[in-house]
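Before any comments, here is the structure.
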Ligand SMILES: Cc1ncc(COP(=O)(O)O)c(C=O)c1O
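Residue numbers (the numbering used here): 13 to 307.
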């Protein structure tokens, strides 16, 4: 256990800005890339690690992540003085893995064949002195958003939000935020954005899942239905293609100065369509991370 540094930078997590388009103020963007490691996963990492902090001091933390949660976990661990190992899929962008290392985390890059990144993290987490946080099965993942993202959006929109649009991977962000917003006003539409190459929307609609869905957009989509996906708070799941996400990513940066990751770009693209089709007066699009992570 290292000594605590002077500053508690984890206090800078959350309270991210909500902005709107000048020519279309009905569309609001919740800029989660303003979190310290540039994604909404800082909220989740802090909540999961705070939960174990009082119980266990000398522990090696393990997490499985497509990259964003890994950086967030490594960041929070650097504050608390925990060692950590992050298991990532081989396809994770170099910048994301570099960021984990810069915060002092170890990175294990796992191939899709054999033991994948989640299985390897589970295996590692069973060793003595190791603890696997497991965002994919940990109720603290959606709970972090129930306690922070949801209330922030509710207050920042002066309770006027009528639609929330959010990308779906583990489902933590949409589930926790959606639950809070539905409790405040059950008429708010909660809409998920999934990859066409994913099984989440297929499970949601009760369709046969694909055998090997393979989203090319990091963080977006999943092959299986996870306990962190609370479908009862979701009204609809729409889909985007990898191509749409990457094209829109370029467009938002070039035309609007909004440099976001591809899943966020696809989500914003769908939010504009939803706003037109549903005639929403206050629609919030969750911009989950920054584009520089994909350079
Ligand atoms: C870039 C990106 N987009 C979308 C998601 C999906 O978010 P959630 O896991 O909360 O569903 C993630 C999750 O890791 C992500 O990293």
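Think of the CB as a built atom: it goes at the ideal place given N, C-alpha and C, for glycine as much as any other residue.
Consider the C-beta atom of residue 181 and the heavy atoms of ligand 1; say whether any pair is separated by less than 7 Å. yes
*asked:* Could you tell me which whole beta strand (DSSP E) segments of length 3 or greater appear in the segment 129-179?
replied: 142-144, 175-179
Practice problem: For the segment 67-117, list the alpha helix (DSSP H) runs that are entirely contained and at least 4 residues long, ordered along the chain. | Solution: 80-92, 106-114
TODO: Take every Cβ of the segment 288-298, pair it with every Cβ of the segment 237-244, and state whether three or more of those distances are shorter than 8 Å.
DONE: no
Touch check for the segment 68-79 and the segment 218-237: three-plus C-beta pairs under 8 Å? yes
On the DSSP bridge assignment, give the partners of residue 251 in chain order.
206
Identify whether residue 261 lies in helix, strand or coil by the three-state DSSP scheme.
helix
Considering only the alpha carbon of each residue, which of 32, 282, 302 lies closest to residue 202?
282
#### Entry: Residues sharing a beta bridge with residue 232, DSSP
Partner(s): none; residue 232 has no beta bridge.
To the nearest angstrom, report how far apart residue 40 and residue 28 are at their CA atoms.
-> 12 Å
ask   = Can you tell me whether residue 24 is buried or exposed, with buried defined as 16 or more other CB within 10 angstroms of its CB?
value = exposed
**OP:** Check whether the segment 206-215 touches the segment 185-194, counting contact only when three or more Cβ pairs, one atom from each stretch, lie closer than 8 Å.
**Re:** no
Does the Cβ-Cβ distance between residue 60 and residue 150 come in under 8 Å? yes
Open item on the list: Taking 7 Å as the cut-off, is the C-beta of residue 193 nearer than that to any heavy atom in ligand 1?
Closed with: no
| task | Out of 47, 209, 139, 130, state which residue places its alpha-carbon closest to the alpha-carbon of residue 161. | result | 47
In this structure, does DSSP put residue 281 in helix, strand or coil?
helix
Inset, instruction - Tell me whether the beta-carbon of residue 82 lies closer than 8 Å to the beta-carbon of residue 117. - result: yes
Look at the alpha carbon of residue 89 and the alpha carbon of residue 206, and state the distance between them as a whole number of angstroms.
30 Å
- Query: If we call anything under 8 Å between Cβ atoms a contact, is residue 54 one with residue 84?
  - Reply: yes
- [ ] Please state if the CB of residue 103 and the CB of residue 295 are separated by a distance shorter than 8 Å.
- [x] no
Burial state of residue 157, where buried means 16 or more other Cβ atoms lie within 10 Å: buried
Original post:
For residue 226, which option in 121, 248, 101 has the closest C-alpha, if you only look at C-alpha atoms?
Top reply: 101
Are residue 175 and residue 279 closer than 8 Å when you measure CB to CB? no
Exercise. Where do the N-terminal and C-terminal ends of the beta strand (DSSP E) with residue 299 fall, by residue?
Worked result: 295-299
message = Less than 8 Å between the beta carbons of residue 30 and residue 165, yes or no?
response = yes
- Given residue 50, which residues of its chain have a CB within under 7 Å of its CB, disregarding the five upstream and five downstream residues? 301, 302, 305
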